[in-house]
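Sequence lines, in order, name chains A and B.
Under our numbering, think of the first position of the first sequence as 541, with each following residue one higher.
Under our numbering, think of the first position of the second sequence as 12, with each following residue one higher.
Working notes, structure below.
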Amino acid sequence: MYGSDGFTIYDIQLWAEGLSVTLSIFLISSFLGLLLGCIVGLVRYYRVPIIGKILMMISEFLKNSPVLVQLFLVYFGVPALIAFDMTPNLAAIITLTGNTTAFIAVIVISSIEAIDFKQLEAARSFALSERLILSKIIFPQSLAIAMPLLVGLAINQLQVTSLISVIGVIDLTRVGDIINQRTFEPFLVWPIIGATYFIMAKSIERIGARLERRFSAYHISNQI
Amino acid sequence: MIEIQNLHKDFGDLKVLKGVDLSIKPGEVVSILGGSGSGKSTMMRCINGLESITKGKIIVDDFDVSKSNDLREVRKRCSTVFQQFDLYPHLRVIDNITLAPIAVLGQSKEEANDKAMELLNSVALGDRASAYPSQLSGGQKQRIGICRALAMNPSYLLLDEVTSSLDPEMTAEVLDILKILSKQGITMISVTHEIEFAREISDRIVFLDEGRILKDLPKDDFFSESGGKSDPRIARFLSKMGNV
Ligand SMILES: Nc1ncnc2c1ncn2[C@@H]1O[C@H](COP(=O)(O)OP(=O)(O)OP(=O)(O)O)[C@@H](O)[C@H]1O
Ligand SMILES: [Mg+2]
Numbered sequence: 541m542y543g544s545d546g547f548t549i550y551d552i553q554l555w556a557e558g559l560s561v562t563l564s565i566f567l568i569s570s571f572l573g574l575l576l577g578c579i580v581g582l583v584r585y586y587r588v589p590i591i592g593k594i595l596m597m598i599s600e601f602l603k604n605s606p607v608l609v610q611l612f613l614v615y616f617g618v619p620a621l622i623a624f625d626m627t628p629n630l631a632a633i634i635t636l637t638g639n640t641t642a643f644i645a646v647i648v649i650s651s652i653e654a655i656d657f658k659q660l661e662a663a664r665s666f667a668l669s670e671r672l673i674l675s676k677i678i679f680p681q682s683l684a685i686a687m688p689l690l691v692g693l694a695i696n697q698l699q700v701t702s703l704i705s706v707i708g709v710i711d712l713t714r715v716g717d718i719i720n721q722r723t724f725e726p727f728l729v730w731p732i733i734g735a736t737y738f739i740m741a742k743s744i745e746r747i748g749a750r751l752e753r754r755f756s757a758y759h760i761s762n763q764i
Numbered sequence: 012m013i014e015i016q017n018l019h020k021d022f023g024d025l026k027v028l029k030g031v032d033l034s035i036k037p038g039e040v041v042s043i044l045g046g047s048g049s050g051k052s053t054m055m056r057c058i059n060g061l062e063s064i065t066k067g068k069i070i071v072d073d074f075d076v077s078k079s080n081d082l083r084e085v086r087k088r089c090s091t092v093f094q095q096f097d098l099y100p101h102l103r104v105i106d107n108i109t110l111a112p113i114a115v116l117g118q119s120k121e122e123a124n125d126k127a128m129e130l131l132n133s134v135a136l137g138d139r140a141s142a143y144p145s146q147l148s149g150g151q152k153q154r155i156g157i158c159r160a161l162a163m164n165p166s167y168l169l170l171d172e173v174t175s176s177l178d179p180e181m182t183a184e185v186l187d188i189l190k191i192l193s194k195q196g197i198t199m200i201s202v203t204h205e206i207e208f209a210r211e212i213s214d215r216i217v218f219l220d221e222g223r224i225l226k227d228l229p230k231d232d233f234f235s236e237s238g239g240k241s242d243p244r245i246a247r248f249l250s251k252m253g254n255v
């Protein structure tokens with residue numbers, strides 16, 4: 541393959557397995573992070589006492605410390621604290637979920653606060669419940685505002701997943717390392733691995749741009 | 012019937028309303044005049060519970076605004092048209108109008124749409140039902156604001172300087188609609204700086220000054236030399252507003 545006898549057909553399989561580990565850890569932690577981040581953001585936005593403060597302090601720590609440190613903390617620290625059989629994949633999911641949650645919470649709050657609050661008063665004055673105001677007015681508008689930020693975060697978090705290879709997760713980066721060590725073809729292996737991340741990132745960007753266009757249809761301001 | 016009794020409103024140390032008594036009977040059209048900072052907006056916001064009451068009472072058709080169980084009923088009866096329109100920018104015109112009737116009054120989508128179209132046609136905007144607010148002029152937005160308020164079938168229409176962010180031409184188109192409305196029996200409480208408009212539509216004029224009602228008179232009395240204008244503060248206010 542590629543005129544180099546170091547490569548075997550199994551390398552493609554290995555690559556595919558690495559890709560699927562990277563993708564599934566990315567998707568799972570992004571999904572959970574989105575869910576938890578929305579909850580943390582809302583708790584904070586509605587100024588739930590105590591819990592809001594505590595959650596925000598945790599978020600601040602997660603945003604402002606290296607992901608690698610967090611990863612070590614979860615992988616080595618948690619099993620030392622409580623007798624628990626931590627696997628590298630689980631540690632990766634927990635760490636990335638926590639980290640994503642922290643960033644999502646900030647995006648949620650800032651996107652809600654970017655909405656003109658006077659229309660929320662208007663809605664209240666028409667007897668709409670807070671729950672309906674959240675779902676019918678706040679949510680759709682903050683989603684439109686948040687979309688570019690969410691896409692940026694997703695692309696960033698995808699790259700961050702490459703760190704999890706350090707604790708022994710057989711992800712795309714680790715697969716690159718394995719193949720490289722055997723074939724000694726760094727200028728072949730790493731561009732292919734890099735291109736794989738690139739294509740994933742570009743796909744996220746594409747999908748994001750499409751969603752963005754759809755959610756912010758109302759921004760059109762052409763007078764007719 | 013709206014019954015405001017000894018209404019006080021403080022913002023921290025600032026006493027904005029200092030004992031307002033006002034009652035408004037069904038079908039009445041009342042204009043609230045007064046200088047900037049006299050507390051007109053604050054009073055209007057207290058009526059539908061957007062502002063909490065420091066002391067006193069507001070009763071709307073037997074419902075007490077400061078009781079959380081009653082507030083919803085008060086808000087169903089009082090619709091507000093806002094100075095800055097405050098439409099929902101992400102919803103099309105028709106959905107701006109039908110949101111609360113469907114969600115709060117429990118109307119079916121068809122019923123709410125039919126009513127909305129009827130209202131839109133009455134303000135000559137039937138063809139803009141599927142536009143977004145950002146595609147409309149200020150005057151058009153405010154006409155939508157009026158439709159949104161009327162779609163709730165309110166007993167009381169609250170208007171707080173609804174034309175003051177519009178240019179004169181658009182002001183005229185909005186005032187014309189309000190003039191027609193005022194003749195249709197809906198109870199209207201309108202804060203305005205348009206003295207001629209107030210004089211034309213009102214049954215009564217209430218003049219607020221530094222958080223108190225200075226005069227509460229039938230329109231003709233208010234504008235007579237021996238009535239409202241006998242008070243120097245009101246005379247000064249009217250002449251400042253270009254009305255001698
Ligand atoms: N949320 C608030 N917090 C603190 N002060 C406020 C608040 N809302 C209003 N005020 C103050 O209360 C006073 C009365 O304000 P209000 O808006 O009721 O006046 P207004 O009669 O409507 O004046 P204008 O004609 O300029 O609209 C002003 O001094 C204003 O600064
Ligand atoms: Mg005001």
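All residues carry an ideal CB built from backbone N, CA and C; glycine is no exception.
Is residue i close to chain B? Criterion is C-beta to C-beta, closer than 7 Å.
i: Glu752 (chain A); result: no
i: Gln681 (chain A); result: yes
i: Leu668 (chain A); result: yes
i: Leu690 (chain A); result: no
i: Leu672 (chain A); result: yes
i: Ile747 (chain A); result: no
i: Ser761 (chain A); result: Since pLDDT at Ser761 (chain A) reaches only 46, below the 50 mark, its modelled position is unreliable, and the value read off the structure follows with that caveat. Judged by the 7 Å Cβ criterion, Ser761 (chain A) is in contact with chain B.
Does the beta carbon of residue i sit closer than 7 Å to a beta carbon anywhere in chain A?
i: Thr65 (chain B); result: no
i: Lys51 (chain B); result: no
i: Val115 (chain B); result: yes
i: Ile13 (chain B); result: no
i: Phe208 (chain B); result: no
i: Phe93 (chain B); result: yes
i: Arg247 (chain B); result: no
Residue i and residue j: beta carbons closer than 7 Å?
i: Gly30 (chain B); j: Asn17 (chain B); result: yes
i: Ile652 (chain A); j: Ile678 (chain A); result: yes
i: Pro4 (chain B); j: Ser90 (chain B); result: Absent from the model: residue 4 (chain B). The displayed extent of chain B is 12 to 255, so no value can be given.
i: Glu745 (chain A); j: Met687 (chain A); result: no
i: Ile157 (chain B); j: Val217 (chain B); result: no
For residue i, which option in the options has the closest C-alpha, if you only look at C-alpha atoms?
i: Arg587 (chain A); options: A:Ile649, A:Phe727, A:Phe666 and A:Glu725; result: A:Ile649
i: Val700 (chain A); options: A:Phe666, A:Ile549, A:Leu563 and A:Glu725; result: A:Leu563
i: Ser599 (chain A); options: A:Ile704, A:Leu608, A:Pro680 and A:Ala645; result: A:Ala645
i: Arg117 (chain B); options: A:Ala667, A:Ile591 and A:Met740; result: Going by the sequence as given, residue 117 (chain B) is Gly instead of Arg. Residue A:Ala667 is the option with its Cα nearest to Gly117 (chain B).
i: Ile634 (chain A); options: A:Arg714, A:Leu574, A:Ser569 and A:Leu683; result: A:Ser569
i: Leu630 (chain A); options: A:Arg671, A:Ala663, A:Phe724 and A:Ile710; result: A:Ile710
i: Ile23 (chain B); options: B:Val41, B:Arg88 and B:Thr65; result: The question names Ile, yet the displayed sequence has Gly at residue 23 (chain B). Checked all of B:Val41, B:Arg88 and B:Thr65; the closest Cα to Gly23 (chain B) is B:Thr65.
i: Leu636 (chain A); options: A:Phe657, A:Phe612 and A:Ile647; result: A:Phe612
i: Lys152 (chain B); options: B:Glu14, B:Tyr99, B:Leu82 and B:Ile206; result: B:Tyr99
i: His759 (chain A); options: B:Met199, B:Lys51, B:Asp72 and B:Gln146; result: B:Gln146
i: Val134 (chain B); options: B:Asp21, B:Ser52, B:Gly67 and B:Ala162; result: B:Ala162
i: Ala735 (chain A); options: A:Trp555, A:Tyr550 and A:Phe547; result: A:Trp555
i: Ile188 (chain B); options: B:Glu62, B:Ile35, B:Leu130 and B:Gly67; result: B:Leu130
Cβ closer than 8 Å: which chain A residues qualify as neighbours of residue i?
i: Leu61 (chain B); result: Glu661, Arg664 and Ser665
i: Asp97 (chain B); result: Asp656, Lys658, Gln659, Glu661 and Ala662
i: Ser90 (chain B); result: Ser665 and Phe666
Find the residues of chain B that neighbour residue i, judging by a C-beta separation of less than 7 Å, and give them in chain order.
i: Tyr758 (chain A); result: Pro100, His101, Tyr143 and Ser145
Using the beta-carbon of each residue, which ones in chain A are nearer than 7 Å to residue i?
i: Leu110 (chain B); result: Lys676
i: Met163 (chain B); result: Phe666
i: Glu190 (chain B); result: Reading off the sequence, residue 190 (chain B) comes out as Lys, not Glu. In chain order: nothing, as chain A lies at least about 24 Å away.
i: Arg86 (chain B); result: Ser665, Phe666 and Ala667
Which bits of chain B does residue i rub up against, with CB to CB less than 9 Å?
i: Ala684 (chain A); result: His101
Chain A partners of residue i, CB-CB under 9 Å?
i: Arg83 (chain B); result: Ala667 and Ser669
At least one CB of chain C closer than 7 Å to the CB of residue i: is that the case?
i: Lys26 (chain B); result: The structure shown contains no chain C; its protein chains are A and B.
Q) Within the chosen definition, does the stretch 131-146 of chain B reach the stretch 88-106 of chain B through at least 3 CB pairs nearer than 8 Å? A) The stretch 131-146 of chain B makes contact with the stretch 88-106 of chain B, as at least three CB pairs between them are under 8 Å.
Q: Report yes or no: do the stretch 571-581 of chain A and the stretch 610-622 of chain A share at least 3 C-beta pairs separated by less than 8 Å?
A: no
Q. Just checking, does the stretch 123-133 of chain B make contact with the stretch 38-56 of chain B on the three C-beta pairs under 8 Å criterion?
A. no
Q. Per the contact definition of three or more C-beta pairs closer than 8 Å, is the stretch 230-248 of chain B in contact with the stretch 69-87 of chain B?
A. no
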